Amino acid sequence: MSLNPARVAREFPSRYRLEAAKCAGCGHVAFPARLVCPACRGTKHTAVTLDPAGKVLTFTVIHVPPAEFKGQAPYVLAVVELADGVRVTCQVADVDPAAVKTGMPVSLEFRRIQEDGEAGVIAYGHKAVPA
Amino acid sequence: MSVGIVGYGSYVPRRRIKLPDIARVWGADAESYERGLELHEKSVPARDEDTITMAVTAARRALKRAGIDPLTIGAVYVGSESHPYAVKPSGTVLAEALGATPAVHCADLEFACKAGSEGMFIAASLVKAGEVQHALAVGADTSQGAPGDALEYSAAAGAAAFIFGADKLVATLDAQCSFMTDTPDFWRREYMHYPRHAGRFTGEPAYFKHTLGAAKMLMEKSGTKPADFAFAVFHQPNGKFPMRAGKMLGFTTEQMQQGWLSPWLGNTYSGASPIGLTAILDIAKPGDRILMVSYGSGSGSDGFVWTVTPRIDEVRALAPHTRVLLDTNKIYVDYGTYAKLRGKIRMGE
Chain A
255 MSLNPARVAR EFPSRYRLEA AKCAGCGHVA FPARLVCPAC RGTKHTAVTL DPAGKVLTFT
315 VIHVPPAEFK GQAPYVLAVV ELADGVRVTC QVADVDPAAV KTGMPVSLEF RRIQEDGEAG
375 VIAYGHKAVP A
Chain B
5 MSVGIVGYGS YVPRRRIKLP DIARVWGADA ESYERGLELH EKSVPARDED TITMAVTAAR
65 RALKRAGIDP LTIGAVYVGS ESHPYAVKPS GTVLAEALGA TPAVHCADLE FACKAGSEGM
125 FIAASLVKAG EVQHALAVGA DTSQGAPGDA LEYSAAAGAA AFIFGADKLV ATLDAQCSFM
185 TDTPDFWRRE YMHYPRHAGR FTGEPAYFKH TLGAAKMLME KSGTKPADFA FAVFHQPNGK
245 FPMRAGKMLG FTTEQMQQGW LSPWLGNTYS GASPIGLTAI LDIAKPGDRI LMVSYGSGSG
305 SDGFVWTVTP RIDEVRALAP HTRVLLDTNK IYVDYGTYAK LRGKIRMGE
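Protein chains in written order, with the working numbering: chain A, 255 to 385; chain B, 5 to 353.
See the structure below:
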């Protein structure tokens, strides 16, 4: 089994709802949420939901994918900077790879990320799509 | 107590295939489909789009327009004949993604193309009964027709979501009814990949009998006549049937035009008349009355009378309009790509 249902479920807050942790001390937003702030080591956080709007910071085109993404190549894998400064690594969907540019405005949309064969669990999350 | 729609949203995949591209592969006469069924192109879901993903995006748009706390949603119903799991409700993923868990009643519904309106019927009734503050109903499908079958020219993908409540309404629900009989016009047996249908039996004794039956029952119940409505939307398995049904009832092209999406969208099954309703709400004025009748093979129709409230003007710009989703950012695919995306190609181990 390539996808562990328990692990998939543990990641629901960040994968499904884009929940992040905002440090009460310095305001740093950690995504996925962390218990200790990587910026000031503070331990008090409030849960915040990330704004899905962002822009492509950098990207690459995958032509030889791992087995889980076979059939999707070529696809774009990008680092997307969201409005509040958080950076996420995700696919850019619904776009011709040749048309992707750095700085391109995108929005995160709920998509199927991978599945454990025909009978296994389906992992959902977010991909960027042209805004 | 008035109940009705607090927020609404829709989703249409960006990919499309043109009917002549399907007809060419099967040696069929594209013109006869385009003219006879008034179908020109249909939406195609990508590999990463399914009933759940479309339901989530449509419901998020509905939440934006509703402006409510998702934790006040006490019931989530997803109507579809293409749920990604045979066992495990699509609504579980939807409610979790919206942040509506855990105090929420959830069920997946299935009734061919009227599963979405079934959810709307139940959601509105639960709010009316005072059981829940808000209830979410979604109609979504990524339906398939067998390769070369007449259904392949229409089976498309899309979703519409409606949040029901008793406060801050954008449209009041004035009346609802159901008209249902055992009519075996279309079905899919357990473990079968594609549905079967009974050809011409899907017309007069099935679609028209139930659609007209529900519409007449609804107008009698609400004391209305076609001229009382600014808009009407019917289930749209193709471009021809809804217009014909509407004309038989006494509605005009002008009343039906805005919700008539199938010529360029295809048949989105559980999403069909609900997505049509979202397109109408996008332009409707306060006071406008809307008649909506769904149809699901098997067979039955749900009918609704809505009246638009002044709040519509405050919320409609908060999410994309349905006709914008339908008419812009289209990505056309050829039949080979479509066959790959829809899993119609047998792969090696």
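C-beta: ideal position from N, C-alpha, C; glycine also. Note that the structure is a prediction, hence the values are computed from the model and not measured.
Assumed close pair A:V310, A:K355 - CB separation to whole angstroms, cut-off 8 Å: Within the first sequence, numbered from 1, the residue matching residue 310 of chain A stands at position 56. Within the first sequence, numbered from 1, the residue matching residue 355 of chain A stands at position 101. Right, the Cβ-Cβ distance comes to about 7 Å (below 8 Å), so this counts as a contact.
Can you name the residues that DSSP bridges to A:K355? As a first step, residue 355 of chain A is located in the first sequence; it is residue number 101 there, counting from the start. Under DSSP, A:K355 forms no beta bridge with any residue.
To which residues does DSSP link B:N271 through a beta bridge? Within the second sequence, residue 271 of chain B is the residue found at index 267, counting from 1. In the DSSP assignment, the residues bridged to B:N271 are B:A159.
Among B:I77, B:P93, B:A161 and B:P24, which residue has its Cα nearest to the Cα of B:A127? Reading the second sequence from its first residue, position 123 is the one you call residue 127 of chain B. Checked all of B:I77, B:P93, B:A161 and B:P24; the closest Cα to B:A127 is B:I77.
Residues of chain B with a CB under 7 Å from the CB of A:I376: which are they? Position 122 of the first sequence holds residue 376 of chain A. Within chain B, the C-beta atoms nearer than 7 Å to that of A:I376 come from P88, in chain order.
What are the complete beta strand (DSSP E) segments, minimum 3 residues, inside the region 151-222 of chain B? With a minimum length of 3 residues, the continuous beta strand (DSSP E) runs that stay inside the region 151-222 of chain B are 161-169 and 175-187.
Can B:D189 and B:F212 be called in contact, C-beta distance under 8 Å? Locating residue 189 of chain B in the second sequence gives position 185, where the first residue counts as 1. Locating residue 212 of chain B in the second sequence gives position 208, where the first residue counts as 1. Taking 8 Å as the Cβ cut-off, B:D189 and B:F212 do not qualify as a contacting pair.
Answer yes or no: does any C-beta atom of chain B fall closer than 8 Å to that of A:K276? For this step, residue 276 of chain A is matched to residue 22 along the first sequence. For A:K276, not one C-beta of chain B is nearer than 8 Å to its own C-beta.
In three-state terms, what does DSSP make of B:T76? Within the second sequence, the letter at position 72 stands for residue 76 of chain B. Here DSSP, grouped into helix, strand and coil, assigns B:T76 to helix.
Around the Cβ of B:W268, are there at least 16 other Cβ atoms within 10 angstroms (buried) or fewer (exposed)? As a first step, residue 268 of chain B must be located in the second sequence, where it is residue number 264. Only buried fits B:W268, as 16 or more other CB atoms lie within 10 angstroms of its CB.
Which one of B:T272, B:M247, B:G254 and B:S274 has the shortest CA to CA distance from B:Q261? Along the second sequence, read from residue 1 onward, the residue named residue 261 of chain B stands at position 257. Of the listed residues, the one whose Cα sits closest to B:Q261 is B:M247.
Proximity below 8 Å, CB of A:T303 to CB of A:R264: By one-based count along the first sequence, residue 303 of chain A stands at place 49. By one-based count along the first sequence, residue 264 of chain A stands at place 10. Contact: no.
What are the residues that DSSP puts in a beta bridge with A:S386? In this structure chain A extends from 255 to 385, so residue 386 of chain A is not present and cannot be described.
B:V97: which of A:P359, A:Y378, A:G281 and A:A260 sits nearest, CA to CA? Counting from 1 along the second sequence, the entry for residue 97 of chain B is found at position 93. If we check each option's Cα against that of B:V97, A:Y378 comes out closest.
Please compile the residues from chain B whose C-beta is within a distance smaller than 9 Å of the C-beta of A:K381. Here residue 381 of chain A is taken as the residue at index 127 of the first sequence, counted from 1. Simply D52.
Curious, which full-length alpha helix (DSSP H) runs of at least 4 residues does the region 271-324 of chain B contain? The region 271-324 of chain B contains these whole alpha helix (DSSP H) runs: 276-285 and 316-319.
Which ranges would you report for the beta strand (DSSP E) in the region 99-138 of chain B if only whole runs of at least 3 residues count? Within the region 99-138 of chain B, the complete beta strand (DSSP E) segments at least 3 residues long are 109-113, listed from N- to C-terminus.
Mark A:E369 as exposed unless 16 or more other C-beta atoms lie within 10 angstroms of its C-beta, in which case mark it buried. Here residue 369 of chain A refers to the residue found at position 115 of the first sequence. Counting every other CB atom within 10 Å of its CB across the protein chains shown gives A:E369 a total of 16 or more, marking it as buried.
Given B:A401 as reference, the closest of B:I287, B:Y12 and B:R18 once Cα atoms are compared: Because chain B is modelled from 5 through 353, residue 401 of chain B falls outside the range shown and cannot be assessed.
Sequence-distant residues of its chain with Cβ nearer than 6 Å to A:H282 (five each side left out): Counting from 1 along the first sequence, the entry for residue 282 of chain A is found at position 28. Answer for A:H282: C291 and A293, listed in chain order.
Residues of the region 307-335 of chain A with a CB closer than 8 Å to any CB of chain B: list them in chain order, please. Hits within the stretch, in order: G325 and Q326.
Beta-bridge partners of A:C344, as assigned by DSSP: The count along the first sequence starts at 1 and reaches residue 344 of chain A at position 90. Its beta-bridge partners are A:A332.
Residues of the region 354-376 of chain A with a CB closer than 8 Å to any CB of chain B: list them in chain order, please. The residues in question are E363, F364, R365, R366, I367 and I376.
Does the beta-carbon of B:H197 have 16 or more other beta-carbons within 10 angstroms, so that it is buried, or is it exposed? For the purposes of this step, residue 197 of chain B is taken as the residue at position 193 of the second sequence. So B:H197 ends up on the exposed side.
Chain B residues whose Cβ lies nearer than 7 Å to that of A:F266: Start at 1 with the first residue of the first sequence, and residue 266 of chain A comes out as number 12. Ordered by position in chain B, the residues that pass the 7 Å Cβ test against A:F266 are E100.
Using the C-alpha atoms, what's the distance from B:G307 back to B:V297? Looking up residue 297 of chain B in the second sequence gives position 293. Looking up residue 307 of chain B in the second sequence gives position 303. If I take the Cα positions, the gap works out to 4 Å.
Look at the Cβ atom of B:P49, then the Cβ atom of B:A34, and state whether they are nearer than 8 Å. As a first step, residue 49 of chain B must be located in the second sequence, where it is residue number 45. As a first step, residue 34 of chain B must be located in the second sequence, where it is residue number 30. No, the pair does not count as a contact, with Cβ atoms beyond the cut-off.
For a contact meaning CB atoms closer than 9 Å, what does B:I56 contact in chain A? Numbered from 1 along the second sequence, position 52 holds the residue referred to as residue 56 of chain B. Per Cβ cutoff of 9 Å: F364, R366, I376 and Y378.
Measuring CB atoms only, is the region 282-297 of chain B touching the region 224-240 of chain B, in the sense that at least three cross pairs come out at less than 8 Å? A contact exists between the region 282-297 of chain B and the region 224-240 of chain B.
Thinking C-alpha only, which one of B:L140, B:L155 and B:I279 is nearest B:F168? On the second sequence, position 164 is the one that residue 168 of chain B refers to. Taking only the C-alpha atoms, the option nearest B:F168 is B:L140.
Is the CB-CB distance between B:I316 and B:L265 below 8 Å? By one-based count along the second sequence, residue 316 of chain B stands at place 312. By one-based count along the second sequence, residue 265 of chain B stands at place 261. B:L265 sits away from B:I316, with the two beta carbons spaced by 8 Å or more.
Got a sec: is the Cβ-Cβ distance from A:D305 to anything in chain B below 8 Å? In the first sequence, counting from the first residue as 1, residue 305 of chain A sits at position 51. By this cut-off, A:D305 is not an interface position.
Along chain C, in chain order, which residues have C-beta atoms closer than 9 Å to that of A:R271? Chain labels in this structure do not include chain C; the protein chains are A and B.
Buried or exposed: B:W310, going by 16 or more other Cβ atoms within 10 Å of its Cβ? Along the second sequence, read from residue 1 onward, the residue named residue 310 of chain B stands at position 306. Result: buried.
If B:S14 and B:T332 are in contact, beta carbons under 8 Å, what's the gap, nearest whole angstrom? Numbered from its first residue, the second sequence carries residue 14 of chain B at position 10. Numbered from its first residue, the second sequence carries residue 332 of chain B at position 328. About 14 Å; that fails the 8 Å criterion.
Check whether chain A comes within 8 Å of B:I335, counting only Cβ atoms and requiring the distance to be less than that. Taking the second sequence and counting its residues from 1, one reaches residue 335 of chain B at position 331. Taking CB atoms only, B:I335 has a neighbour in chain A less than 8 Å away.
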